[in-house]
Structure formats: C-alpha cells, structure tokens
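Here's the structure, in structure tokens; my notes come after.
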Amino acid sequence: MGRLLSLILHRNPQMGKSYLANPGLEYRLVFRRGAIENIKCAKGWKTDSEMARALGLTRAYITMLHLTRVSVSANVITRLAAQMGNTEKNWWIYYEIVLGA
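When we follow the numbering used here, the leftmost residue of the sequence shown carries the number 863, and every step to the right adds one.
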C-alpha cells in the first residue's frame, strides 16, 4: 500500500510551467450597451434582420448580441469592421471586456 501511495503522490515538477488554471483571467468580449443601435443608425439599417442580412448572420444571433450580451466571435468582429469601413482604425469602440464567466 505504501508503494502505491508513493506512486500516486509522486510528481515531476518542471520549472517555468504552470499546470493550474487561473479562473481570474477569464473574460468575454461583448458589445457595449447601445452599440448595436448606434451601428444600425450609422449604416441606415432599421431592423435586426437588415443588419443580419448585411453581415451574413442570423437575426436571432444579432438579437442575442444586444439583448443578452453574449460573447462576440472574431468572425463577427471582422465582418462588422469591414462593413463599417474601420478595419485599421477604431473597430474596438463598440466592444467591452467583461471579466468572469
């Protein structure tokens, strides 16, 4: 029994690597409050459907983005930046980082 316990407890630590998760560093990228409405006004889109059609997304996903504040994917960020014409400028103004799960 002692040998089995020593095998289980035996660790081979390597310097410079961390094997523990750090939950304090988790974040989500979401739209700022009112950003969807500002984008729709700037582009002349009247509904979520028009915005979704222009971005190649579903209306339900656009609605979720500004009602429930779900995370934004890199694909959506890229499509929106291309539509707004600010891929190299200030594309980040519509988003905020939310810490936690």
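Ideal Cβ placement from N, Cα and C applies to all residues, glycine included.
- Query: Using the C-alpha atoms, what's the distance from T925 back to R895?
  - Reply: In a straight line, the C-alpha of R895 is about 13 Å away from that of T925.
- Message: Once the 5 residues before and after A904 are set aside, which same chain residues still bring their CB inside 8 Å of it?
- Response: Cβ contact annotation for A904 (same chain, cutoff 8 Å, sequence separation greater than five): M946, in chain order.
- Figure out for me which residue from N948, V938, A944, V934 has the closest Cα to the Cα of V960. V934
- Span of the beta strand (DSSP E) holding L891? 889-893
- Query: Taking the alpha-carbon positions, what's the T930 to V892 distance?
  - Reply: 10 Å
- Item | Burial state of I955, where buried means 16 or more other Cβ atoms lie within 10 Å | Classification for I955: exposed.
- Query: Do you know how far the Cα of A936 is from the Cα of G906?
  - Reply: 24 Å
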